[in-house]
Amino acid sequence: MDYPIFLCAKLELLSLLEKEKALTTQATISRDIRELNITKVEDNSGKSYYRILNNSVLGTKKKSEEERLSDIIMETGVSLTQIEFTNLLTVLPGNGNAIGVLIDKVRVEVNSKIVGCIAGDDTILILSKNEEDARMVNEYFQQYLFHVS
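Count along the sequence shown from 1, then add 1; that gives the number in the numbering used here.
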């Protein structure tokens, strides 16, 4: 197999793995993609493909869920808006669900001000108990977003 390979869909990867006699499921591929810090991004023409964030798999130390979350938000975060007791995080297309999974993991371990989240393709609605908790969540995520001075 020649490298690099640019994949646009998980089914393409499954097909390539089958050709190499490595049988797996789409669920396993999805989990492995998250664990390897691989995300779907768009090129300038709008075509989507998968890529590794920050070469994270090359390091010797496994990253914590919080480190993975901060990395992916730094790479794909677009905007964050607080609306009363919620925050709306917008990210590059194709990254919402992976970020939602990481937010759910981090809320249990690190940030108890997050009650839960609902994630779509490029938007994550982060819920808090009240407006003050939502403000603290907003400050937490703002530190990872790119800001133009």
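Even for Gly, the Cβ is constructed at its ideal location relative to N, Cα and C.
query = Are I39 and I73 closer than 7 Å when you measure CB to CB?
reply = No; because the gap between Cβ atoms is not below 7 Å, this pair is not in contact.
ask   = So what's Q144 in DSSP terms, helix, strand or just coil?
value = Looking at Q144 - three-state DSSP - the assignment turns out to be coil, as it is neither helix nor strand.
query = Residues in its own chain within less than 8 Å of K130 by CB, not counting five upstream and five downstream?
reply = Excluding the 5 residues flanking it on each side, K130 has same chain C-beta neighbours closer than 8 Å at F86, K114 and V116, in chain order.
key: F142 classed as buried or exposed, judged by whether at least 16 other C-beta atoms fall within 10 angstroms   = The residue in question, F142, is buried, as its Cβ has 16 or more Cβ neighbours within 10 Å.
request  = Going by CA-CA distance only, name the one from N112, N98 and T26 that's closest to E67.
outcome  = Considering only alpha carbons, the answer is N112.
key: Same chain, Cβ closer than 8 Å to D105, five either side skipped, listed in chain order   = Taken in chain order, the residues that qualify are G117 and C118.
task = Using the DSSP secondary-structure output, state which residues sit across from E1 in a beta bridge.
result = With the chain covering 2 to 150 only, the question about residue 1 has no answer from this structure.
key: Those runs of the alpha helix (DSSP H) which lie wholly inside the segment 94–148 and span at least 4 residues   = Listed in chain order, the complete alpha helix (DSSP H) runs (minimum 4 residues) inside the segment 94–148 are 97–110 and 132–143.
ask   = Quick one: what's got a C-beta closer than 7 Å to L126's C-beta in the same chain, skipping five residues either side?
value = These residues qualify, in order along the chain: T87, L89, C118 and I119.
request  = Taking D122 as the reference, give the member of E133, D33, S49 and T25 with the closest Cα.
outcome  = With distances taken between Cα atoms, D122 lies closest to S49.
ask   = Whose CA, out of P94, L12, A10 and S71, lies closest to the CA of G47?
value = When only C-alpha atoms are compared, the closest one is P94.
request  = Work out the CA separation of L18 and Q144 for me, nearest whole Å.
outcome  = So the alpha carbons of these two residues sit roughly 39 Å apart.
ask   = When you compare only the Cα positions, how much space is there between E140 and V79?
value = V79 has its alpha-carbon roughly 15 Å from the corresponding atom of E140.
request  = Could you tell me the distance, in whole angstroms, from the CA atom of L81 to the CA atom of V92?
outcome  = Each residue's alpha carbon lies about 9 Å from the other.
task = Return the CA-CA distance between F147 and K22, expressed in angstroms with no decimal places.
result = Going from the Cα of F147 to the Cα of K22 covers about 43 Å.
ask   = Between the Cα of K41 and the Cα atoms of L24, S16 and E76, which residue gives the shortest distance?
value = Of the listed residues, the one whose Cα sits closest to K41 is E76.
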